[in-house]
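Colleague: The following block contains the structure, expressed as structure tokens.
Residue numbers (the UniProt record's numbering): 1 to 113.
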């Protein structure tokens, strides 16, 4: 059994609350898509987009009654991860707590495996 099968991507209560607040201001049916893309100073970076359609192979997560989508390729890189939201003095942002990341950049926006 793979990590993806036993430890899916999860959404923290803080992130679910923020996602619900954001998507409640969007057209009905809006969803948050989280993806891993090549780039950034460490090799990979997370992309967050608001979308209206899902793909057939998306992992669909519940976030306060709203949907968070993760494509099948990104799930491979994010298995076991938690999508969280941090609201600190230096700024507020979504964070991915990814146990697969072996390194990240100083600004925290990219990672390597």
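Just so it is clear, CB atoms sit at the ideal spot from N, CA and C, and this is done for glycine as well.
Short of 6 Å in beta carbon distance, which residues of its chain neighbour residue 23, apart from the five on each side in sequence? Order them along the chain.
Modeller: So the list reads 30 and 66, once near-sequence residues are dropped.
Colleague: Residue 70 and residue 58 - do their beta-carbons sit closer together than 8 Å?
Modeller: yes
Colleague: Can you name the start and end residues of the beta strand (DSSP E) that residue 33 belongs to?
Modeller: 31–38
Colleague: Tell me which residue opens and which closes the alpha helix (DSSP H) that residue 55 is part of.
Modeller: It is not in any alpha helix (DSSP H) - residue 55 carries neither H nor E in the DSSP assignment.
Colleague: Opposite residue 68 in the DSSP bridges: which residues?
Modeller: 32 and 61
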